[in-house]
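A.B. asks: Next up is a structure, given as structure tokens.
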Amino acid sequence: PVLLINMLAGSQFSFRLATVAWRPVGIAVCHRSLCSVATSASVVYQDGLPRFRIPLPSRGKACQFTMKPLTNTVSDLTASIRNEDRGVEQIIFYTSDGLRIAGSDSIESLLRRDFDVQLNDQRFAVTVPESPVVTHESVDQLADLKAMISQLHSALNTPEYQLAKEKELMQQLQDLQLQLEPMEAIRGQLAEKASRRTRILTWLSLSYMGVQFGVLARLTWWEYSWDIMEPVTYFVGYGTAIACYAYYVLTKQEYTFPAVWDREYLKKFYKDADKSSFNVEQYNELRQRINDVQSDLRRLRDPLMLGLPLQQEKLMKPQPEQQ
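In structure tokens form, the structure reads like this:
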């Protein structure tokens, strides 16, 4: 009997253990969030940025929202709150006097004084602490300070820098001029030959026109009459017009005397340059580099760079020597 009682007792104990083992037990699960138990709305400053701690009605907890004072607006804060809690239907910001704050106001303007925030039917008073937030006025003051420091740095270091830079540019200019000097002599010879040939062609054209005029005059007043020579002069003039148009068709340039002069001059110049192995591209590159260096020198000697008024620019120019 005792053994039977013990066996029954053990079975009952095992059954109770099994019952207890399979009984559902509630387990608390924690989520990592910036939210905390909602008490009131507040504003704190961390790392120079305002952080709004707003209670969310649906969650019953306060969430933290970080805003940028100069770029974000009240509408941005409202949108962030609604994205965090879809149960918020109404968000209104008021001043301490009860005036509604527009959504276009900046966060920096909102934090200049205490305010109230209404979430649905709950309204919270927010006390704004002393802020290290940068305002538009402080930004302007900082810009003025930077400009003053820059002017002071220029006043202390600009003369030495300008002297060193001017010396460097003058050395570059001398080197380029030494490289250009032999090429300049060859270019002068080629330019003189091309100009002489173009002048010869110009005088030959004038001579041809004079001879043509004399022949037509002789045939008109001595050999024949105007009635006979009138068609001849017409066709001579029309032939000249055809020749001018043919020049335009072939060269894609209007037949003007300066254009014809330049074309004949360049043709002769490049033809002689090829014969004498004169590198026109290298010459043009050296000339361009010299012009760039001279332009840099003019800018370096500008009165604004030297801190001089504009009316004293004449003092920078060399005065003519007195005889």
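Per the numbering used here: the sequence shown = residues 12 to 334. Beta carbons: idealized from backbone N, C-alpha and C, even for Gly. This one's a predicted model, so the numbers in the text were calculated from it and none came from an experiment.
Since I believe Ile118 is in contact with Met78 (beta carbons under 8 Å), could you give me their beta-carbon distance rounded to a whole number of angstroms?
C.D. replies: The Cβ separation is near 5 Å, so the contact holds.
A.B. asks: Express the C-alpha separation of Phe104 and Thr84 in angstroms, rounding to a whole number.
C.D. replies: Their Cα atoms are separated by approximately 12 Å.
A.B. asks: Which of the three DSSP states, helix, strand or coil, is assigned to Ala284?
C.D. replies: Three-state result, Ala284: helix.
A.B. asks: If Tyr276 and Tyr266 are in contact, beta carbons under 8 Å, what's the gap, nearest whole angstrom?
C.D. replies: Going by Cβ atoms, the distance from Tyr276 to Tyr266 rounds to 16 Å, so no, they are not a contact pair.
A.B. asks: Determine the closest residue to Ile102 out of Glu171, Tyr235, Pro66 and Ser120, with distance taken between C-alpha atoms.
C.D. replies: Measuring from the Cα of Ile102, the nearest candidate turns out to be Pro66.
A.B. asks: So is Ser51 buried or exposed if we call it buried at 16+ other beta carbons inside 10 Å?
C.D. replies: Exposed, by the Cβ-count rule.
A.B. asks: Let me confirm a value: Arg309 is counted as buried when at least 16 other C-beta atoms fall within 10 Å, else exposed. Which label applies?
C.D. replies: Its Cβ having fewer than 16 others within 10 Å, Arg309 is exposed.
A.B. asks: In angstroms, rounded to a whole number, what distance separates the CA positions of Phe135 and Ala154?
C.D. replies: Whole-angstrom Cα-Cα distance: 38 Å.
A.B. asks: Run the CB neighbour count on Thr251, radius 10 Å, all protein chains shown included, and call it buried at 16 or more, exposed below.
C.D. replies: Flag for Thr251 reads exposed.
A.B. asks: So if DSSP puts Gln129 in a beta bridge, which residue, or which two residues, is it bridged to?
C.D. replies: DSSP lists Ile103 and Arg134 as partners of Gln129.
A.B. asks: Would you mind reading off the limits of the alpha helix (DSSP H) that contains Val139?
C.D. replies: Neither: Val139 is in no alpha helix (DSSP H) and is coded neither H nor E.
A.B. asks: Find out if the Cβ-Cβ distance for the pair Arg93, Thr106 is shorter than 8 Å.
C.D. replies: No, these two residues do not count as a Cβ contact at 8 Å.
A.B. asks: Pick helix, strand or coil for Ala228, following the three-state DSSP scheme.
C.D. replies: Ala228 falls in the helix class under three-state DSSP.
A.B. asks: What distance in whole Å lies between the Cβ atoms of Leu227 and Thr209, which are believed to be in contact at a cut-off of 8 Å?
C.D. replies: Actually they are not in contact, since the Cβ atoms of Thr209 and Leu227 sit about 27 Å apart, beyond 8 Å.
A.B. asks: With a Cβ-Cβ cutoff of 8 Å, do Ser86 and Ser120 count as a contact?
C.D. replies: Cβ distance not < 8 Å, so Ser86 and Ser120 don't count as in contact.
A.B. asks: If you count every other CB in all the chains shown that lies within 10 Å of the CB of Val247, and 16 or more means buried, which is it?
C.D. replies: It is exposed - the Cβ of Val247 has fewer than 16 other Cβ atoms within 10 Å.
A.B. asks: When the Cα atoms are used, what is the spatial distance from Gln305 to Glu141?
C.D. replies: Cα-Cα distance, rounded: 57 Å.
A.B. asks: At the level of alpha carbons, what is the spacing between Phe76 and Arg70?
C.D. replies: Cα-Cα distance, rounded: 15 Å.
A.B. asks: Got a sec, what are the start and stop residues for the alpha helix (DSSP H) Phe289 sits in?
C.D. replies: Where Phe289 is concerned, there is no enclosing alpha helix (DSSP H), given that its DSSP letter is neither H nor E.
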